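Just below is one structure, and these are the notes that go with it.
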Amino acid sequence: MLTIDLDDLLRHAEKQSVPGILAAARAAGVLWQCRKESCRHDNPRGRELCSECGHDQKGAPLHDIRPGLYRGPEEDWLDLRQVVTGHFADQEPRPDAVTFLWAGSDDEACWSESAVTVHYGGHIKESPASLDDPAVCEALQVLTDFEAPMYMGKMRVALPARPSAVTSGV
Ligand SMILES: [Zn+2]
């Protein structure tokens, strides 16, 4: 089977053939184009979020992902959002969302706070960072029984956009 590197192809293509190549790549599912009107960035297959604006493949901004078959109490979920938001209270810019990875094993299955992905709009911190925060750890612990993924799942908490919405009630 013939394998072509798309970057190579585009680099050597004449300028007027680039749109056609991109259209073919999208049609073949090699690329997906961001649906956000002001973005329209082409992203490689397999990338969950647009690398330019951070929206997902359906064009939606970052939102909560709750993987469990059984959802935990809403107040526990709100509590997690509050402590994670509080953790970044002094940080500028403030992240849009934090994704927790499942650290499952036979001995212990929990949401990891030592390997999280922190999202800053389109600039996703790909490398796992550590939150290392007892309040976050406790909130995760409470949710672990309910919000557990089936396989390789993740849990995402979207953080409120405006700082004023964050400080109220904390
Ligand atoms: Zn985009």
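Per the UniProt record's numbering, the very first residue in the sequence shown carries number 1; after that it's consecutive. Here a beta-carbon is modelled for each residue, glycine too, at the ideal position from N, C-alpha and C. Here the structure is a predicted model, which means the values were calculated and not measured.
Cut-off 7 Å between Cβ atoms - residues of its own chain near residue i, not counting five sequence neighbours on either side
i, result
"V136", "V83, V84, H87 and E113"
"L131", "H87, E113 and V116"
"D21", "As written in the sequence, residue 21 is Ile, which differs from the Asp given in the question. Contacts found: L9, L10 and A13."
"V170", "Confidence at V170 is low in this model, with a pLDDT of 43, below 50, so its placement is unreliable and the value that follows should be read with caution. Counting only Cβ-Cβ distances below 7 Å, and skipping sequence neighbours, we find Q82 and G86."
Residue interval of the beta strand (DSSP E) (run including residue i)
i, result
"C110", "A109 to Y120"
"C134", "It should be pointed out that residue 134 corresponds to Pro in this sequence rather than to Cys. Careful: P134 lies outside any beta strand (DSSP E), inside the alpha helix (DSSP H) at P134 to T144."
"R156", "K154 to A158"
"D42", "D42 to P44"
Where the alpha helix (DSSP H) containing residue i begins and where it ends
i, result
"P19", "V18 to A27"
"Q33", "Premise fails: Q33 lies in the beta strand (DSSP E), L31 to Q33, not in any alpha helix (DSSP H)."
"R81", "E74 to H87"
"A97", "Element bounds for A97: not the alpha helix (DSSP H) but the beta strand (DSSP E), A97 to G104."
Cβ-based neighbour list, residue i, same chain, cut-off 6 Å, excluding 5 preceding and 5 following
i, result
"V166", "Bear in mind that a pLDDT of 47 at V166, under 50, signals an unreliable position, so the number given afterwards is only what the model happens to contain. Hits under 6 Å: T85 and P160."
"A158", "L62, H63, D64 and A97"
"K154", "T99 and L101"
Own chain, CB closer than 8 Å to residue i, minus 5 neighbours either side, in chain order
i, result
"R45", "G29, V30, L31 and W32"
"E75", "none"
"G59", "C34, R35 and K36"
"R26", "W32, Q33 and D42"
Residue i CB to nearest heavy atom of ligand 1 below 7 Å
i, result
"C137", "no"
"H119", "no"
"K36", "yes"
"C110", "no"
"E52", "yes"
"H63", "no"
"H12", "no"
"H87", "no"
Where residue i sits in the DSSP three-state scheme
i, result
"D7", "helix"
"K15", "helix"
"D90", "coil"
Integer Cβ distance of residue i from residue j, believed to fall under 8 Å
i, j, result
"A109", "A148", "7 Å"
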